[in-house]
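Under numbering that gives the first Met the number 0, the first residue of the sequence shown is numbered 0, with each subsequent residue one higher.
Note that beta-carbon positions come from the ideal geometry of N, C-alpha and C, so glycine has one too.
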Amino acid sequence: MTAVRVLLVSTVTWLPRRGPGDEPASFPEGVWLAMGRYLDAGTFTGDQGSNNRIFSVRITLVGIFIGAAIIGLISSAIERRLEELRQGQSAVIERGHTLIIGRSEKLPVVISELVEANRSNRGHVIVVLSPDDVVDLSDALNRDISDMGDSRLVVRSGMPTRLGDLSPMNAPIGTIVGAGDCAIGIAADDSVFVMDLVPDPWELGDIRVWESLDAKRERSLIVGWNLMAPIIIDEIETHVASNSELVVLIDGDLYDPGAVSAQIEGLGLTNQSLQLVEGDTISRSTILSVADSGVFDHDLILCENPPFGVDEADARVLLSLMHLRAASSVHEGNIVAELRDRSDVELANEGDGDDFIVSQRLISLLLAQLSESPQLVDVFADLFDADGSSVTKHPFERYVAFGSTTFGEVIAEARNWGVVAIGYQCASATDTPGSLAGGLHLNPPKREQITFSAGDQVVVIGERR
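Below is the structure:
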C-alpha cells in the first residue's frame, strides 16, 4: 500500500514535469523527489519556485502521515511476533534436545535430573510442551529449579494430543537398533562410564554350590489404606517366608473393614496371616498399642488419598510417622512412608537414616532415567518383577574372607556366583565420605579397600535365592 502511494505521489509530482527551481523533471526524478520528502520533512526547504514549494509542502505533509502509518505497522508486526514468542507458539530450532510432553508435579524433579545427567553436555536444551500459560509455567519452573547448570529450558504451549502442536517441537526421529549385544553400566553419570578397551580375561571357575539363606518369619505392619495397598501386600507375599504375619491398621470411619478384609483375602495369601485392626491411624495411643504387640521387621505408612486431599493426607502420614518413630518396638525394623507432595519429603527425612520416604520423586527419577537411556526399561521391568532379579544384601562370607580386600575382588568373586556386586554395607565404613545410612556404599571404586567383619554384607543384583 505504501509503494502504491509513493508511485501515485510520484506521478502527480512528475505530471507538471517541473522539479526544484522549475527545472524539467523525468518520472524517475519524480519518484526520487517524492521519496526524499517522505523520508525527510526538511528536504523541501531547498526547493526553488513558489509552485514547487507549495507542492513539496503538501507531499511532505502526506509523507508524515504515511511515515507514521508505516511505523505503526512495523510496531504492530513486532508486537505480534513478541506475543507469539511469549505464548510459546514458535517452532523449536534446536536439535538433540530432550522433549517433555505434558505437566504434572513430577516436572521439576524430572528437569532437575535431566540437568544433572547432562552437566557434561554443555548447552543441552530441555523443551517442555504444555497447554498451560508459558509465562506462568516458566516462572514456576524457575522458582522450583534453582540450578539449571549448563542446560537451557525452552517452554512451548500446545496440546500433546495434537499433531500440529507436536510437529514444531522438532523431536528426533527414533532409531531402530539392529541385532547385537548391549553393555549395561552402573555409574554416577553416563559421561563417566568408560568401558575397558581390553577386558581382563575371565573363565568360570569351579562349580559352586549355592547355600540358600535361611528364610525367617517376618512381621509387617501397614498403617493406612489406599488403592495401592492390595498390590503392596501381594508383593510382600513374594518376599517373605511362610508363617509370616501381616498387621493392617485402618480407620474404620474412612474404609469399610469388611471390604478391606475381602480385598486381602482375595489375594490368596499363603505365607502371611492377616490381622486387621481398626483404629485412628493418626492417634498416638492407637499406633503405640499396635506397635507394642511385638517387634515388626517392616513398617509401612500409606497415604490416605483419597479420601483426603494431598496436603491433609501427607499431614496424616507425618503424624503417623512421628508416632511410629516414638515406639521403641519398631526400632529394629525400618519405616517406609508414602507422601504425595515432594516438598514434604525433606520434613519427613528428619529422623532415622534407615527410614525411607516414598514420593512422586521416585517416579520422576525413573522417567528421567528412561528419557536419557530408554534401553533401561527392560532392566527396571526385571527388577520390579516378582519373578525377576532383585537388589538384595548377602553375607560377605559368600564371596570373600574376613579382613581387608578391594571391591574389585568382591565384584570378580560375585561374578562367579552369577550375581553383580554393586555395593556393600560395612560397620567400619559408617560415617565415612560417600556412605549412606548404616555404612552403606553403592557403586564404590574397584580399588577401594574394605575391611569386612562379622555382620557386614555385600549388595548384589541377581535372582532371588
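- With respect to the 8 Å criterion, Ala336 and Leu320 are classified as neighbours on the basis of their beta carbons.
- Beta-carbon to beta-carbon, Leu98 and Met168 are separated by about 5 Å, close enough to satisfy the 8 Å threshold.
- Between Pro305 and Ile263 a beta carbon distance of about 19 Å is seen, past the 8 Å cut, so the two are scored as non-contacting.
- Taken atom to atom, the span from the alpha-carbon of Val357 to that of Gly101 is near 23 Å.
- Taking a cut-off of 8 Å for Cβ pairs, the segment 288 to 299 and the segment 252 to 261 do not touch, as fewer than three such pairs fall below it.
- Ala312 is classed as buried because its beta carbon has at least 16 other beta carbons within 10 Å across all chains shown.
- In the three-state reduction of the DSSP assignment, Asp138 falls in the helix class.
- Leu248 is the residue among Asp384, Leu248 and Val418 whose C-alpha sits nearest the C-alpha of Ser284.
- Gly422 and Pro443 have their C-alpha atoms spaced approximately 6 Å apart.
- Inter-segment contact for the segment 152 to 159 and the segment 112 to 130 is present: three or more beta-carbon pairs are separated by less than 8 Å.
- CA-CA distance, Asp146 to Pro107, rounds to 11 Å.
- Cβ-Cβ distances below 6 Å link Leu220 to Val246, Phe295 and Asp298 in the same chain, with the five nearest sequence neighbours on each side left out; the list follows chain order.
- DSSP places Leu382 inside the alpha helix (DSSP H), whose first and last residues are Val376 to Phe383.
- Here Val153 really is in contact with Val91; their C-beta atoms are around 6 Å apart, less than 8 Å.
- The beta-bridge partner set that DSSP reports for Leu248 consists of Val222 and Val276.
- In the structure shown, the three-state DSSP call for Leu113 is helix.
- A check of alpha carbon separations from Asp143 across Lys105, Ala420, Asp149 and Leu301 identifies Lys105 as the nearest.
- The beta carbon of Val459 is closer than 8 Å to those of Val390, Thr391, Lys392, His393, Ala413, Val418, Val419, Ala420 and Ile421 in its chain, skipping five residues each way along the sequence.
- For Gly267, the closest C-alpha among the options Ile286, Leu364, Thr237 and Gly278 is that of Thr237.
- In this structure, the beta-carbon distance from Glu82 to Ser363 does not fall below 8 Å.
- Residue range Phe355 to Val357 is occupied by the beta strand (DSSP E) that includes Phe355, with no alpha helix (DSSP H) assigned at that position.
- With contacts defined as CB atoms closer than 8 Å, His123 and Asp164 fail to qualify as a contacting pair.
- By the criterion of a C-beta distance shorter than 6 Å, Glu244 is surrounded in its chain by Arg218 and Ser272, once the five residues flanking it on both sides are discounted.
- Burial check for Thr280: the Cβ neighbour count within 10 Å reaches 16 or more, so the residue is buried.
- Listed as beta-bridge partners of Ile99 by DSSP are Val127.
- Beta-bridge partners of Asp298 (DSSP): Leu220 and Ile334.
- For the 8 Å CB-CB criterion, Ile300 and Ile334 form a contact.
- With respect to Gln456, Phe395 sits close: the two C-beta atoms are nearer than 8 Å.
- Ranked by Cα distance from Leu253, the first of Ala426, Glu277, Ile231 and Ile235 is Glu277.
- Rounded to whole angstroms, the gap between the alpha carbons of Ala453 and Leu435 is 19 Å.
- No residue range can be given for Thr237, since it is assigned to no alpha helix (DSSP H) and is classified by DSSP as neither H nor E.
- Each of Ser119, Glu303 and Asp354 was checked against the Cα of Leu323, and the nearest Cα belongs to Asp354.
- Within the same chain, Cβ atoms closer than 6 Å to the Cβ of Ser137 are found at Val154, the five residues on either side in sequence being excluded.
- For Ala325, the enclosing alpha helix (DSSP H) begins and ends at Val309 to Ala325.
- DSSP places Thr285 inside the alpha helix (DSSP H), whose first and last residues are Arg283 to Ala290.
- Rounded to the nearest whole angstrom, the C-alpha separation of Arg161 and Ser75 is 29 Å.
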